[in-house]
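Note sheet for the following structure.
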Amino acid sequence: MPQTTLTGKELPEEEPEEDEFWSEGSFAETMSGKDWELKKRTFHMKHNEEMNYNCKQCNTKISAHNKDWHANLCDKCFDKMMGND
Ligand SMILES: [Zn+2]
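Set out below in structure tokens:
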């Protein structure tokens with residue numbers, strides 16, 4: 153009876169094995185990628201993202217990016233500090 157072999161039961165059983173192997177490798181990649189992503193997270197953020205901080209000079213709202221990369225200063229104060237005063 154050829155109909156029983158056309159049910160497709162044998163095919164799906166073999167494919168998941170390869171899928172499992174694949175996702176295991178991509179899982180490890182995701183882990184190391186996430187770790188790296190965390191370190192550079194705020195660097196790639198926009199200047200108006202996560203405005204949860206305050207400029208230590210004028211107390212204006214600043215982003216996580218400014219906090220981490222602009223010495224806790226808003227763009228104005230950061231410019232001043234850089235010598236444009
Ligand atoms: Zn400021």
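So for the sequence shown, my numbering puts the first residue at 153; every next one is plus one. The beta carbon of each residue, even a glycine, is placed where N, CA and C say it ideally should be. All of these numbers come straight from a predicted model, not from anything done at the bench.
State buried or exposed for residue 207, treating a residue as buried only when at least 16 other CB atoms are found within 10 Å of its CB.
buried
By the three-class DSSP mapping on this structure, what secondary structure does residue 204 have?
coil
DSSP state of residue 213 mapped onto helix, strand, coil
strand
Could you spell out where the alpha helix (DSSP H) holding residue 230 opens and where it closes?
227-231
Residue 196 burial status per 10 Å Cβ neighbour count (16 or more: buried)
exposed
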